[in-house]
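In our numbering, the protein residues as written are 10 to 750. For glycine and all other residues, C-beta sits at the position ideal for the given N, C-alpha and C. A short worksheet on the structure shown next.
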Ligand code: ADP
Ligand code: ZN
Ligand code: ZN
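Next comes the structure, spelled out in structure tokens:
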């Protein structure tokens, strides 16, 4: 074929950041030789009328494209590939496993500035200090050189050398003058790590490990240098972080680097701080709240081996590290490790694949491990590490169920809970109330006709927010004034029903006027730094009652909290998703874990209208472990993960019938892949059949093995892509979906 199209010549096979599963062929830029190119380098290529940054995936010596149609790459950005061979192989694996276009996979793995063609070289910041003769000149003054004199004065006034950034802030313009001072020998230049990289301290000493911690640390350190996945299953407050720290110390001692993933930096800042207080070494933090420049710097510093520890959120799993020795995934069960749009990967699962390729251990840690990970332990793939006891004497408290049916309930709070809050406040302890709904009230109802205020663009109710007096949709962000009359019958007696955190806060204020109440949710922490300030207030003991959403449940160590209450456990009991039970159990266990972390014994109260519900019974009687036992048996009987592999084909469109129509056709193609083991369910509308103005439908594909599913999708997807019906919809494939709603 190649020969038929003329003589062979070197060709760059390039992927681009576009949603197409294909590779593009380009001729080499003028006057360049094939030896200068390798997979993993970026090139500039013409695409349509524009130009794009592409990644070379292969250098070939011919193309099936007609020679007249071949275009020429115009520039090479990198002398060296951006990824190692193993790094490239991981990206290829991810593209293949998640059935996602390779170009977009590369994009996800690169910091934004590299996607746009910025140089992949670490630019160290510069800082300036006076030399001895500079000191003299600063005192004596240089004749007729006012600019130099004032810059000398600024340098002399500063204790430390001044960086570019500080000078930009204090003195403008200064660069020309500085060049003169350097040329005259008055100033010396030093390099320093720019923003995004900090050097920790050794303020904290390692704690003497308790025996379970010591066993865990020993097991992992013995496995350094080879692949092994560990599940560190440790109850809340059992000292998992200390295990990470001691293992990382061993890794650093070997001259290797550590990669630590946490679910959300702002919520788990404590972990970052503990690493920074333990190791007097450069470390980088990587998350989406950073500037592009900071992210680039951290990424390059990691790649060049200039930082010892990288702590980051989901996307940090793609950071290249020169000498990676271990990966740690804290709170491995957390849903935020799964990307929910675009390239839908699981950072936890990618971490295990990466550790395998790099021949290093990976630790998945949690107090409430996912059923997938527990199953992997049972199947012998992961080794279990257990921390069964809390470090500080108090036991993990039992859950007590409060039956809302027979109680006296005021604005969502039962008499029993009020009494308990009062008791704990009187003892000078903190109380935490959990309610996973922000705003004031979730329903605006007309009692005359039964009308409720729904979002026009979603199948969801609008939530009333106090203060700004607005109704908001939490799904699409729609925002509108509160109507004064029913939009159906013009009735004037609209009611606010249900509880949000704002209303809960108001009810508590009315009942405990002397208590200092702090509400922590997405609304109250919108401003940068607001959450950190609030957490400080809690730790300083300057708050008595904390009211909050899921934000409050993640990993926080609040020593003075002794009473935790879940205000409404029921909304999730009736969620149709097969994972709803697992999520609720994890949530209740994690919330409960916030109580009694120090000496005061903790108490955990769960308010419910259905205390007899089997899930609540199991959790309160047998804890999370009890739940895991029954849940795994149920999943096996029903053929759900981890006993089956799932893929979800989603479609949405502004036209009501289009998603269903497309998925019907896709279903036929998948059914025709003649894989008997495949089960195809749907298409169906998800519970929220319309969101942000688009109609939605989905098709669930299940197989007893991942490989079966992979083979079938590899055959089916290229055909689905050719369906004319796919032009009318937005569609995507989600491997191992976490959310079936
Ligand atoms: P987890 O991450 O399992 O919830 P942490 O690592 O936060 O638990 O530990 C809970 C508390 O116990 C922390 O305040 C920590 O400093 C302390 N701690 C952990 N290990 C030890 C130890 N070996 N000796 C004394 N205190 C410890
Ligand atoms: Zn009405
Ligand atoms: Zn909406």
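Quiz item: Within the present structure, is the beta-carbon of residue 316 separated from the nearest heavy atom of ligand 1 by less than 7 angstroms?
Solution: no
Quiz prompt | Extent of the continuous beta strand (DSSP E) to which residue 740 belongs | solution = 739-744
Self-check item: Stretch pair the region 399-411 + the region 486-501: three plus CB contacts closer than 8 angstroms
Solution: no
Exercise. Can you grab the Cα-Cα spacing for the pair residue 50 / residue 66, in whole Å?
Key: 8 angstroms
Exercise. Could you please give the first and the last residue of the uninterrupted beta strand (DSSP E) stretch that includes residue 505?
Key: 504-506
Exercise. Tell me where the alpha helix (DSSP H) around residue 384 begins and ends.
Key: 380-387
Practice problem: Indicate whether at least one CB of chain D lies closer than 8 angstroms to the CB of residue 138. | Solution: Reference to chain D is not applicable here, since this structure consists of a single protein chain.
Self-check item: Distance CB(residue 556)-CB(residue 513) smaller than 8 angstroms
Solution: yes
Quiz item: Using the C-alpha atoms, what's the distance from residue 193 back to residue 530?
Solution: 57 angstroms
Practice problem: Taking only heavy atoms of ligand 1 into account, decide whether any of them is closer than 7 angstroms to the Cβ of residue 243. | Solution: yes
Exercise. Let me have the residue list for ligand 2: C-beta closer than 5 angstroms to any non-hydrogen atom, ordered along the chain.
Key: 455, 457, 458, 460, 495, 497, 498 and 500
Quiz item: Can you name the start and end residues of the beta strand (DSSP E) that residue 318 belongs to?
Solution: 318-321
Exercise. Kindly indicate which residue of 81, 611, 63 and 55 has the alpha-carbon position closest to the one of residue 20.
Key: 81
Quiz item: Near residue 694, which residues of its chain fall below 7 angstroms by C-beta distance, leaving aside the five closest residues on each side in sequence?
Solution: 705 and 706
Exercise. Look at the alpha carbon of residue 25 and the alpha carbon of residue 331, and state the distance between them as a whole number of angstroms.
Key: 26 angstroms
Quiz item: residue 374 bridges to which residues according to DSSP?
Solution: 241 and 339
Exercise. Locate the beta strand (DSSP E) running through residue 669, then write down its first and last residues.
Key: Residue 669 -> not in any beta strand (DSSP E); alpha helix (DSSP H) instead, spanning 667-680.
Practice problem: Would you list, in sequence order, the uninterrupted beta strand (DSSP E) runs of no fewer than 3 residues that lie entirely inside the region 117-142? | Solution: 134-139
Self-check item: Cβ contact (3+ pairs, closer than 8 angstroms) linking the region 628-637 and the region 415-434
Solution: no
Quiz item: For the alpha helix (DSSP H) that contains residue 253, what are its first and last residues?
Solution: 249-262
Quiz item: Is the Cβ-Cβ distance between residue 267 and residue 318 less than 8 angstroms?
Solution: yes
Quiz item: So what's residue 332 in DSSP terms, helix, strand or just coil?
Solution: coil
Practice problem: Within the same chain, show all residues whose beta-carbon is closer than 7 angstroms to that of residue 382, passing over the 5 residues directly before and after it, in chain order. | Solution: 240, 341, 373 and 391
Quiz item: In this structure, what does DSSP give as the bridge partners for residue 529?
Solution: 557
Quiz item: Where does residue 394 land, buried or exposed, given buried means 16+ other C-beta within 10 angstroms?
Solution: buried
Quiz item: With distances taken from each beta carbon to the nearest heavy atom of ligand 3, which residues come in below 5 angstroms, in chain order?
Solution: 464, 466, 467, 482, 484, 485 and 487
Self-check item: Per DSSP, cross-strand counterpart(s) of residue 567
Solution: Answer is none; residue 567 lacks a bridge partner.
Quiz item: In three-state terms, what does DSSP make of residue 43?
Solution: helix
Quiz item: Is the region 437-451 touching the region 572-590, taking contact as three or more C-beta pairs under 8 angstroms?
Solution: yes
Quiz item: Rounded to a whole number of angstroms, what is the C-alpha to C-alpha distance between residue 712 and residue 609?
Solution: 49 angstroms
Quiz item: Using the rule of at least 16 other Cβ atoms within 10 Å of the residue's Cβ for burial, across every protein chain shown, is residue 518 buried or exposed?
Solution: exposed
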